[in-house]
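I have placed the structure first, in the form of structure tokens, so that the comments after it can refer back to it.
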Amino acid sequence: MSTMVATAKGQSRKYLHTYDEAVPWNQVPGTFTPWQPLPEPTDVLFYEGLHGGVVTPQHDVASHVDLLVGVVPIVNLEWIQKLIRDTSERGHSREAVMDSVVRSMEDYINFITPQFSRTHINFQRVPTVDTSNPFAAKAIPSLDESFVVIHFRNLQNIDFPWLLAMLQGSFISHMNTLVVPGGKMGLAMELIMTPLVERLMEGRKIG
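So in the numbering used here the end of the sequence shown lands on 256, straight run, no missing numbers.
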């Protein structure tokens with residue numbers, strides 16, 4: 050990512066989760082594709098993954114990011130999504146998924162969650178149905194069964210009155226925090242992100 054910032058050039062690779070993703074590459078799930086050069090010229094790099102804002106003694110990815118956005122459910126919902134996805138789509142047993150959650154907890158606490166304190170915006174989905182025991186859930190709560198808490202940090206010119214008018218059912222819950230019905234999440238992202246990306250494309254800072 051530092052090379053991309055300095056030269057507008059770089060390489061990318063993909064993580065292969067399933068056999069459907071892996072077969073075209075003649076690989077197995079759980080592996081990465083070979084590195085490939087990014088198209089040139091590349092004005093904008095969109096990275097979606099777990100480490101866009103990570104900071105360790107060896108690496109500071111967050112320092113290279115112009116706009117850092119967190120999309121995260123509350124933890125019980127995250128576990129429900131993982132359990133159902135990994136058992137139904139990836140063929141893992143319920144016990145294997147639960148063991149994976151336990152084994153990843155240290156990394157989750159030390160590397161994943163701190164990133165959400167460095168983001169410019171967080172979109173956090175909060176179910177309005179009972180998720181007290183995520184490991185007994187039979188289905189993932191739908192967007193319509195959720196609210197989305199949107200928190201802004203160190204951003205200027207966020208037009209809260211306009212967002213409230215455009216997003217029916219939304220409200221301000223705290224300073225720099227907007228809550229919208231789950232079904233409005235996509236629209237909220239579009240309304241919020243579009244002017245920020247346009248500002249970056251014009252060479253202006255967003256903070």
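Just so you know, even glycine gets a beta-carbon here, dropped at the ideal spot from N, CA and C.
Every value quoted in this text rests on a predicted model; they were computed, and no experiment measured them.
Check each candidate in the options and name the one with the smallest Cα separation from residue i.
i, options, result
"H200", "D135, L126, G119 and M147", "G119"
"P88", "M53, R139, W128 and T177", "M53"
"V146", "F209, I129 and E155", "I129"
"F172", "P183, F196, F184 and I158", "F196"
"N203", "P190, G235, V103 and R167", "R167"
"V191", "T177, T162 and N182", "Strictly speaking, residue 191 in this sequence is Ser, with Val absent from that position. When each option's Cα is compared against that of S191, the closest is T177."
"Q107", "G252, S137 and F160", "F160"
"T91", "T162, D179, G256 and M50", "M50"
"D148", "M242, F184, V104 and G218", "F184"
"Y96", "V77, V114, T82 and G79", "V114"
"K254", "L236, L116, E155 and G231", "L116"
"T105", "D156, N125 and V150", "D156"
Measuring only the C-alpha atoms, how far is residue i from residue j?
i, j, result
"H66", "G98", "13 Å"
"K58", "F220", "42 Å"
"E144", "S153", "14 Å"
"W84", "V175", "37 Å"
"W74", "N225", "45 Å"
"D193", "T56", "43 Å"
"T162", "Q217", "30 Å"
"E210", "P244", "The sequence given here places Pro at residue 210; Glu does not occur at that position. When rounded, the distance between both Cα atoms is 16 Å."
"E248", "S142", "With the sequence shown as reference, residue 248 is identified as Arg, and Glu is not the correct amino acid for it. Roughly 46 Å between the two C-alpha positions."
"S181", "S137", "21 Å"
"G69", "A111", "First, the residue type needs correcting, since residue 69 is Asp and not Gly in the sequence shown. Approximately 32 Å between the Cα atoms of the pair."
"L236", "P122", "18 Å"
"V77", "D208", "47 Å"
Does the ligand FAD have a heavy atom nearer than 6 Å to the CB of residue i?
i, result
"D109", "Among the components modelled here there is no ligand, and therefore nothing to report on the ligand FAD."
Would you decide whether residue i is buried or exposed? Buried here means 16 or more other CB atoms lie within 10 Å of its CB.
i, result
"D135", "buried"
"K63", "exposed"
"Q205", "exposed"
"A186", "buried"
"A214", "exposed"
"K233", "buried"
"H169", "buried"
"A188", "exposed"
"Q60", "exposed"
"G79", "exposed"
Quick one: grab the DSSP three-state call for residue i.
i, result
"Q60", "strand"
"R174", "strand"
"F81", "strand"
"V228", "strand"
"I241", "helix"
"L132", "helix"
"L236", "helix"
"L216", "coil"
"L65", "strand"
"Y157", "helix"
"M50", "coil"
"R253", "coil"
"F184", "helix"
Considering only DSSP beta bridges, list what residue i is partnered with.
i, result
"G119", "N171"
"S195", "P176"
"I259", "Outside the displayed range of the chain (50 to 256) lies residue 259, so it cannot be described from this structure."
"V104", "D109"
"H200", "N171 and T226"
"P90", "According to DSSP, P90 bridges with nothing at all."
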